[in-house]
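Numbering (my numbering), first residue to last: -17 to 276.
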């Protein structure tokens, strides 16, 4: 038995999230179909987490088990050639049998992109990966508020009504706000997140940035544990899973150079087009139409 680690990027616009759902197009089901065509047996592709409908990924990590004897590089190219244009395989390698994309994760970094200008973005691709908010945002105030999210807290006030968790205590390792051209970006790294937690956190920061609340309001909201006290849930299209950090012997702890490059490419103005531009080229001897044997 072999265990393969995958790193994937996808435009979430046409996916109903990561997790497999009957009758709906999901990222997990799409990847599993491609993998099955290559390894020629049923597989379950395990993702690092369930991105919601419309949420993108620059570095979703997954794994699957297989008895396939093909070299890892051949499997990488064969799977990549069978994926649609809105999802791409960035990296594939063999991992220890104990590696589990979900349970082995140390932390995840999510990025929310706000197009902060009077007019909406012209580029269609940029519009699909950012949330347009025309009101000027005070990033200094947002930074001060973001610091109050860091640490271990009860994030009940940041969980939407669909949250099914019994315990709502989570640890945010860092929460940073910065400008990148006409965008305001929010990077949030944590060990785990509640349903819509990141989008609700950013919605709360936007209320601070537009001057409705002082930064100290964040602490009051967390202590209240009332969702109604927090900011709005921002649209899914501005959110992307950037990378996942692991602590597993035989695997790098930090994201590799390939993963970081893919995440940087995702943040370019033509981000959505990056999925098709990074599609692997098949080596000699591997046909894109015929199924590989092994």
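Just so you know, even glycine gets a beta-carbon here, dropped at the ideal spot from N, CA and C.
Can the beta-carbon of residue i be found closer than 9 Å to that of residue j?
| i | j | result |
| --- | --- | --- |
| residue 164 | residue 99 | yes |
| residue 25 | residue 96 | no |
| residue -13 | residue 74 | yes |
| residue 176 | residue 131 | no |
| residue 181 | residue 90 | no |
| residue 213 | residue 172 | no |
| residue 312 | residue 17 | For residue 312 there is no data in the structure shown, the boundaries of the chain being -17 and 276. |
| residue 133 | residue 159 | no |
| residue 197 | residue 124 | yes |
Quick check: what's the CA-CA separation for residue i versus residue j?
| i | j | result |
| --- | --- | --- |
| residue 113 | residue 219 | 7 Å |
| residue 2 | residue 29 | 11 Å |
| residue -7 | residue 54 | 25 Å |
| residue -17 | residue 153 | 35 Å |
| residue 63 | residue 21 | 14 Å |
| residue 115 | residue 76 | 43 Å |
| residue 206 | residue 151 | 14 Å |
Just to confirm my understanding: we take residue i, look at its own chain, exclude 5 residues before and 5 after, and list those with CB closer than 6 Å. What are they?
| i | result |
| --- | --- |
| residue 79 | -15 |
| residue 85 | none |
| residue 267 | Residue confidence for residue 267 is low, a pLDDT of 38 falling below 50, so the modelled location carries little weight; the figure read from the coordinates is stated next. Within the same chain, residue 267 has no close Cβ partners at all. |
With DSSP collapsed to three states, give me the class of residue i.
| i | result |
| --- | --- |
| residue 32 | coil |
| residue 13 | helix |
| residue 89 | strand |
| residue 42 | strand |
| residue 203 | helix |
| residue 290 | The first residue shown for the chain is -17 and the last is 276, placing residue 290 beyond what the model contains. |
| residue -7 | coil |
Under 9 Å, Cβ to Cβ, is there at least one residue of chain D near residue i?
| i | result |
| --- | --- |
| residue 76 | Considering every chain present, this structure includes no chain D. It has just one protein chain. |
Considering just the uninterrupted stretch of the alpha helix (DSSP H) at residue i, what are its terminal residues?
| i | result |
| --- | --- |
| residue 126 | 121 to 129 |
| residue 58 | 54 to 62 |
On the DSSP letters alone, give me the boundaries of the beta strand (DSSP E) that residue i sits inside.
| i | result |
| --- | --- |
| residue 153 | 151 to 162 |
| residue 227 | 221 to 228 |
Can you name, in chain order, every residue of its own chain whose Cβ lies under 7 Å from the Cβ of residue i, other than the five neighbours on each side?
| i | result |
| --- | --- |
| residue 7 | -4, -3, -2 |
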